[in-house]
Structure formats: structure tokens, C-alpha cells
Amino acid sequence: MKSVHTPIEVRYAETDQMGIVHHGSYVVWCEIGRTHHMKEMGFYYPDIERAGYLFPVLSINIDYETPAVYGEDVEIETWIDSYDGVRVKYGYIVTNAKGQTCIRAFSSHVCVRKETFKPVAIRRALPDWHKAYSRLAESTAAGSAKGGGDDGIWH
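Pasting the structure below:
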């Protein structure tokens, strides 16, 4: 699995008075893409929460290119950009039905214990996730996914 594609129909509530998607809606779409990616990896986020772990956002960076509009179909492409055993970085591209790029984004996350919010090593706490993240990050590093470096430059 190089990346996961998630379709979205732009809803009226996600737009401003001009019918253009509000910039904050893209953050929600990235979350939708990320949780869909987790499901495709075979993991269900609520199970992780029940096990006592969370993956809070450390940072999110979005570059806006072409606005999406009400009623339009868009697609979120999501992939693992990098993983270091504690932090995972997801990459996203949202495109419209014309194939135009609406946004390019990255979000970084860390695994923490729910009760203490202290970071944990994913390889020890969630070994199955560690294996999946490692494999997908290696795939990205080898150039088989969209990938981008920490500098946000797209290849």
C-alpha cells in the first residue's frame, strides 16, 4: 500500500459564503484521510484509545493551491511520509475532479499514554503498528509514495 485514496463530496457546511471550502475544513479532511489510512493498514483508532494510547497532532502544515467548491467531488490521498519509532508523519494531497491539486499537507503525530500524555515508543507499545509504519516509511523513502522531506519540498 503506497497511499490510500478517500473520496469526499464537498458539503455546504464546509464552505464560506462564496461557496469555497473554508481553510479549516481541510484539516478535518486530513483527519478523515488519516483514519481511513489506519483502517486500510488494518487498525481501528478507537481500539488504540481503548488500549490506553492516543496520537495527538504535533504539527500540521497546509499549502493551499486551488480552492475546492460546494458540490464538487474531491479525493484525499494519504500516505506515511516518515516514521522514527516515536513520531509518524503523514502526507496528504487533496485533488478535485479535474485533477487539480487543492492542497498539499503534512501532519506529525506522537504516540502517548492516554492517562499521562507522555510519549511512548510505538515499537514497544504497539508492535503491529511499528511494523506497518516502518514498512510504509521505508516504501516512501525508496520513492514509491508521494513523499516529501521535512522541508516540504515535493518530489
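Counting with this note's numbering, you get residues 3 to 157 for the letters of the sequence shown.
The beta-carbon is built from N, C-alpha and C at its ideal position, and this holds for glycine as well.
If you check the CB distance, Tyr28 and Ile78 do not come in under 7 Å. In this chain, Tyr14 is not harboured by any beta strand (DSSP E), its DSSP state being neither H nor E.
The Cβ neighbour count for Ser5, taken over all protein chains shown within 10 Å, is at least 16; the residue is labelled buried. Secondary structure note for Glu140: its alpha helix (DSSP H) is the uninterrupted segment 129-143. Thr37 has its alpha-carbon roughly 18 Å from the corresponding atom of Thr97. Annotation: the continuous alpha helix (DSSP H) that includes Asp49 extends over 47-52.
Taking C-beta atoms as the reference points, Ile22 and Val76 fail to come closer than 7 Å.
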